[in-house]
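Number of protein chains: 2
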Amino acid sequence: MDIQTLRTAHPDHWMRAAAIRTLTLDAVAAANSGHSGMPMGMADVATVLFEKHLKFDPKAPRWADRDRFILSAGHGSMLIYSLLYLTGYADMTLEQIKNFRQWGAITAGHPEYGHVAGVETTTGPLGQGIANSVGFAIAEENLRARWGAKICDHYTYVIAGDGCLMEGVSQEAIALAGKQQLSRLIVMWDNNGITIDGKVSLSDVTDQRARFAASGWNVLHCDGHDPVDIDRALTAAKKSDKPTLIDCKTHIALGHAAQDTSKGHGALTDPAQMKAAKEAYGWTSEPFVIPAAIKAQWEAFGARGAEARAAWDARLAALSPAKQAEFARIFAGDVPAKLPAIIRGVKKAATEAGAKLATRSASEKVLAAVNPILPETIGGSADLTGSNNTKTADLGVFSAEDRKGRYVYYGIREHGMAAAMNGMALHGGVRPYSGTFMCFTDYARPSMRLSALMGIPVVYVMTHDSIGLGEDGPTHQPVEHLAISRATPNTMVFRPADLVETAEAWEIAFSSKKTPSVLALSRQNLPMVRKTHTNTNMVAKGAYVLAEAEGKRQVILMATGSEVEIALKARDLLQAEGIGTRVVSVPSMELFAAQDEAYRRKVLPAGPVRVAIEAGVRQGWDRWLLGERGRDGKADFVGMSSFGASAPMERLYKEFGITAENAVAKVKALL
Amino acid sequence: MDIQTLRTAHPDHWMRAAAIRTLTLDAVAAANSGHSGMPMGMADVATVLFEKHLKFDPKAPRWADRDRFILSAGHGSMLIYSLLYLTGYADMTLEQIKNFRQWGAITAGHPEYGHVAGVETTTGPLGQGIANSVGFAIAEENLRARWGAKICDHYTYVIAGDGCLMEGVSQEAIALAGKQQLSRLIVMWDNNGITIDGKVSLSDVTDQRARFAASGWNVLHCDGHDPVDIDRALTAAKKSDKPTLIDCKTHIALGHAAQDTSKGHGALTDPAQMKAAKEAYGWTSEPFVIPAAIKAQWEAFGARGAEARAAWDARLAALSPAKQAEFARIFAGDVPAKLPAIIRGVKKAATEAGAKLATRSASEKVLAAVNPILPETIGGSADLTGSNNTKTADLGVFSAEDRKGRYVYYGIREHGMAAAMNGMALHGGVRPYSGTFMCFTDYARPSMRLSALMGIPVVYVMTHDSIGLGEDGPTHQPVEHLAISRATPNTMVFRPADLVETAEAWEIAFSSKKTPSVLALSRQNLPMVRKTHTNTNMVAKGAYVLAEAEGKRQVILMATGSEVEIALKARDLLQAEGIGTRVVSVPSMELFAAQDEAYRRKVLPAGPVRVAIEAGVRQGWDRWLLGERGRDGKADFVGMSSFGASAPMERLYKEFGITAENAVAKVKALL
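Chains as they are written, first to last, in full-length UniProt numbering: chain W, 1 to 671; chain L, 1 to 671.
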C-alpha cells in the first residue's frame, strides 16, 4: 500500500483517519496490550461512516432514533474508543483513552455495553456483534411499523472481521437477516485476509460475497482506504431493499512494519516502528495529542446529528401525551401498571381450575394473558413453536410483509436467536423472549452468557427440561443445564412447579431490567401444587414452604419444577408413618440466595434431615443441603448423576430412581 | 408425487425402499413417538447408497476401512435402524425395531454411538453429524497418507437435513471441509423444504447449493426418488477432488397423507393413514414383516462387502508384525508402553529445573515430549495457536498438500473444531486434541457434551483459564466454565498447578479411552509447586496433600491451578502465626470423587477449617467444603461471584480478593 498516494489523494480525510490510527498505537503502547492492526486497517471506513452517514449525537447517546454502530470485531476496541473521543462523547475523555485496559477505566479490552455511551453491545467473542445486529434491525423494523418513520427510522451498521464471518453464528445471522430482508442492516467486512494464526487462507477459502448473496444479501465492495469509494458503497447500501454486505478490502495495521501480517493483529508497541508509522502518516504530534484542527473536524461530525435529533425530539413531543408516555415506558423497560393484576388473575383462575398442565403449556397461558397488554414483547422459537408454546394468537408473524408481527420464526438457529434477542433488548423498545429445548442451552450459551454480562432482560423459554421429555433420549435430555445456568452470574433460573409458579416467574422475568431469565419448563403434565390463591408472588422469594410438616418437623424435602409433585408424594408417605415432613419449593435458587438470613433460616432451619429432589445433577444443591445450617451426613439428593436414556418418561423416572419411594428411603436412612 | 409412476419405473428398488418406509411407520406407531417423515423421504437415496456405493460388512461393523455412514438428521433414526436390520447387522434384530424408543432397547430415539454397531456417531442435536464428518474425513486422509491406500481408502457419507444446514456449526464444517479439499466427504442433503414449524421458507431463503459452492464444494443434485439419478450423482461425487454436496430433492413422508407437510416430520400413527400409505406403496405384509424376497435382496447388499473386507484383512496381514501391532494399537486407543517413562522424564526435569512457567507453556513442553512417540495425535487450535501452545515442531500442518501433517488450523471455529475432533476420535486410529480460550467452552459446548455422552477421549486444551488472562476483560475471562464442565457427566476436568501436574494430567488424558478431558491452563506464569519428584501420578488421585501442616492441623486450604500458589502463600502466613495449615491441591474433582472413602478421608479429615481458593464460581466446591466431613460455619471460599474486568491480572486478583491475605482473613474468621 502506497501511503504517500493515499495521503495526497485525500489529505484532510487522511489526517482524520490518522488520528484513529495514532490514538490506537498510543493507547495500545501505554497498555502494552491490545490489538492495534484492526483499528488501523478500518480507520478509513469508520471515518467515512461517522463523517457522512451515521446518524448520531454525542450529546444524546441514548437517542432512540440514532443509527446503531456495532463493532463486531470487538478486539479492535480502540477504533470505537477513538471515534467516541474524537466526535465528542462526554465520558470518553483522553484520560480514559490513556487508561486503556486499566482497572476502573471505561476503556475495557473489549467494548462493554453499559460502560461507555456509544457502545451499543458488548463484543469480543467473535460473531456476536453481527448476530446481535439482526436483532437491532428487527427491533427497528418492528418499531417503525408500530410508531411510524417519523419516530423510528434508522440504520444498523456493523464492522465485522474475518473471525466474525468464520464463527457459525454468523451464518445463522446472515440467513435470518436475508430471509427477513432487513434492508436497514449494513455490514462492513474488514477484509484484510489476516487472522491470529496467519493468513485467512490457512483455514478458509470461502467466497464471502457469494456466501452472503446466497442468503439474499445485497453485496457491494470497496477499496477500504479510498474515502470516495467507501462513501459510494455506503450510499448505495442505504438504498438497497436487502441487507447489505460491503466487502471492504483493507490492510491490517496500514502503514506499520507489521502491515498485512498476523503480527499486525496484536499489540504493536515497538517504539521505532511506531515512530516510523507515524512518520509515514505525516503525523507529528506527541502521543495522545490530536491537533486542534483535526479534532475540530471530528467534533463537527459529532455535531452534525444535533439538528436531526432536535427535529426528532419535536416530532416525539407532537405525539399525544399518552403516546409519549408509552414510548418512554417501552424504552425504559417498565412494565404496564396492570401487569400484576393480570398475573394475579391467571393465578387465581389456575388455583380454582386445579387442572394438570405441563409448565410449557402453563407458560403459554401466561403469555396469552400478558402479550396483549405488553405490546413490546417479541416472541419466537428455534423451530419448536408447537413444543415451546411461545406463540400466542395475538402476536402475528414478523416478516417482510408484516413488520408489526411480533413472532419470529428463527429457524433451527438457537445461537442466532439468542444473539438476536440480545440485539433487540439492547436496541430498546421491545422485550424479546424465545424458546428451544433446554438441552440446546448448549447451542445458545455464548449469547446467553452475554445477556448476563451485559445485564439485559432477555427471557429464555427452555422447555423439555429433564428426562421427563422421554423417548427423544439423552441427546435431548438436559441433565447439567440447570447447573450451567445457575453457575452463570447475573442469571435468574426459574423452574416452576405449576401454572401459579409459572405465572409468578414470568412476572419477575418481564419486570426485570438488568437480568436475563431462564425458564425451565416441563414437557409432561404436572398437577397444581399451589392449592390456595395468594396475591404474593412466592417465586420472588426463591424458595418457600409449600407444605408444612404435621407433628414434629423431622424432614425437609426440597424440590423444583416437575419434582415438586414427587416431594409432595414422599411427604404423604412419610407423614403416613408419622414422620413430620416439610416440602420446600425452590423455583429460583438465585432469588432465595438474595433473601435475608432470617427468611432463609425460616425456610431451612437447622435440625431436620434434608433431601433435595431434582431431575438434574447435584452440583449447586450442596449449598442448600449442607450449607445454610445443613449437615453432612444428614442430607441427600435424588436426581441424576449420568446422562439420561431413551424411553417413556415414567420408566425413566423409575429407572433413575427419581421417585417418592426413593426419596423416602433416603430420608429414612438419614433419620 | 405420483407414487404409481415411481413404483412402475423401478419396481424392485421401490419395494426395497418401501421396506424402510413401512418399518419406519410400524416402529413409530408401536412407540407412539418418533419421526416418520424423514426416513420415508430419504428411503430411496439410502437404498441406492447401501445397494451400490457404501463399502460395509455387517459381519465386521468395526472394520477399520469401511465407509462411514452418518445420519446427521438423527431424528430420522428409523432410517438407519431399518438399514442395519435389513442388511443383516446381528444386533439389530426385529425385536429391537419393535422396541423402538423403549427402555433397554438399542433403538434409542436418536442414534447413539456405542449402542448400535453401524451407528458411527450420536446424532440428534442438529448439525453435529455433518460437523463430525469433517473429522472423519480428516482422519481418513491422514491415515491414508500414513498407511497407504491399501490399508485406508474409504468415504464418509452423510445424510443432512435442512435443520443441519441452518445450524451455524454446519457453516464451520462446510468451510473447513472446503479449505481442506476433503474429497472423500459426500453430503446428501435431504432437501424436502419442511421443518417442524412449517415450510423452510418461513425462516430461510438460502440457496444452499451456492452456499456450499462458495466454500469450495463440488455441488450436484438429483431427484431423491429416482434410483438412477441418485446413483448417477453418487458416482459423480466419488470422482470429485472436492467435498461434494448432493442436493437430493425429496418429499417428506412420501406417499402418506402428511407428505410435504410439517406434520409429516413427526410421528405418523393414524392407522387409516398408515394403511393408505402402505396400499399406495403396494405393500401387503403385516406390520414388521419384510417379505423374504425383499429381505434377501437387502442381505445381498450386506454381503457385498465381505470380499473387499477379506481382501483388506489379507493386505493388513501382509504388513510386518510390528506394523500390524501398531495399527491395532492406534485403533484400540492404547498408548505406547513408553508413555509413562516419557511423562516421568518430563516431571523429573521440571522438578529439577524449578522454573516459573504458565501451564499452557507447560502443556506445550509435555506435547513436545509426547507427540513424537504418539504418531496418532492430531493437534490444532481455533486460531489461537501461539496462545494455546498446541503446536509442536514435529507435527507438520495438515493440508491438501500435506495429508501427513498432524496440526489443523481450524480457523475461528471452536464448535466446528470440537465436532471435528469428535469425528476423528470416532473414526479411530487418531487421537485429537485442540485448543481455544477456556471462555469459549461456550462455543464448543454442544460438541463437548457429545464427547462425554459418546464416551470418546477427545482432549480440550482450554487456556487463559481465569481472570488471570488480564486485560482482555470479562468477555474472555472464564468464571463459570470450570463449573460447567464439572457439571457434565463423564468429563474429566483438570486444572494443573505446574508443569508436573500438567504432565500428569496429559498422561491421564492420553490414556483415556472412554472419557473426554478438559485441561484448564493458565496464561500467566506459575511457580513449580511440586518440589520433589515422585514417579506416582498424583493428579490421578484427583486431590492430594501438597504441603502438610506443621504442628496441630487447624486448617485445610484447597486450591487448583494458578491458585495453588496463593494457597501456599496463605499457608506460610498462617504457619508464621503458628496455625497449622495443610494445602491440598485439587487438580481434578472427578478423579478425587472416584477415590475410596479412606483416601478421601485421609486428604480431607474432619475437624479443620476448610477454605477453597479458585478463581471461578463456588458452585461445585460445596461438596468438598461442607460435605466429606466438612461443616457449615467452618468453611469458606475465595473466588469469583461475578464476571471479571479488564485490567492487568495482578490488579484483578487484588480487586476480586483472590489473595493469600484474604484467604488468611477468612480462615481466621472461622477459627
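Beta carbons: idealized from backbone N, C-alpha and C, even for Gly.
Which residues DSSP lists as bridging residue i, in chain order
i                      : result
W/A520                 : W/M462
W/A358                 : W/N525
residue 725 of chain L : Nothing about residue 725 of chain L can be read from this structure; chain L reaches only from 1 to 671.
W/R553                 : W/G580
W/Y407                 : W/G379 and W/V397
Residue span of the beta strand (DSSP E) that contains residue i, given as start and end
i      : result
L/R68  : R68 to L71
W/T244 : T244 to K249
L/I159 : T156 to A160
L/R610 : V609 to I613
W/M188 : L185 to N191
C-beta contact flag for residue i and residue j at 8 angstroms
i      : j      : result
L/F574 : L/V667 : In the sequence as presented, Phe is not what sits at residue 574 of chain L; that position holds Leu. For L/L574 and L/V667, yes; Cβs fall inside 8 angstroms.
W/P527 : W/E565 : yes
W/E414 : W/A444 : yes
L/V397 : L/Y407 : yes
L/A277 : L/L25  : yes
L/E167 : L/L126 : yes
W/G542 : W/A594 : yes
W/G644 : W/L652 : yes
W/I159 : W/A73  : yes
W/D241 : W/S183 : yes
L/A280 : L/G255 : yes
W/R209 : W/V219 : yes
L/I613 : L/A547 : no
W/H75  : W/M38  : yes
Boundaries of the alpha helix (DSSP H) in which residue i is found, first to last residue
i      : result
L/R144 : Q128 to W147
W/F327 : P321 to A332
W/H10  : From DSSP, W/H10 is part of no alpha helix (DSSP H); its letter is neither H nor E.
Sequence-distant residues of its chain with Cβ nearer than 6 angstroms to residue i (five each side left out)
i      : result
L/V28  : G34, S36 and A267
W/G473 : S646
W/T131 : Before going on, a small fix: residue 131 of chain W reads as Ala here, not Thr. If we look at W/A131 and ignore the five residues flanking it on each side, its Cβ neighbours are V169, A173, G416 and A419.
W/A369 : I342 and V346
W/A17  : A43, D44 and T47
L/R553 : G580, R582 and P608
L/I230 : V45, V48 and C222
W/Q171 : none
Beta-carbon proximity list for residue i, same chain, < 7 angstroms, skipping 5 on both sides
i      : result
W/G561 : T359, D465, R495, P496, A497, A520 and S522
W/V205 : none
L/T534 : none
Own chain partners of residue i with C-beta closer than 8 angstroms, once the 5 adjacent residues on each side are dropped
i      : result
W/A505 : F494, P496, S517, L519, V539, P587 and S588
L/T475 : C439
W/A452 : T488, P489, N490, T491, T515 and P516
W/K55  : D65, R66, D67, H154, Y155, G305 and A308
W/G282 : R7, W14, M15 and A18
For residue i, the nearest candidate out of the options (CA to CA)
i      : options                           : result
W/P11  : W/H225, W/H427, W/F288 and W/G542 : W/H225
W/A549 : W/A559, W/V584 and W/K654         : W/V584
L/G633 : W/G633, W/D636, W/A635 and W/R629 : W/R629
W/V458 : W/M421, W/A280, W/K59 and W/A257  : W/M421
W/L384 : L/K179, L/G198, L/Q524 and L/T390 : L/G198
L/Q180 : L/G161, L/G216 and L/W147         : L/G216
W/Q524 : W/E590, W/D636 and W/S363         : W/S363
Listed by chain order, chain C residues near residue i by CB distance under 9 angstroms
i      : result
L/K179 : Among the protein chains in the structure shown, which are W and L, there is no chain C.
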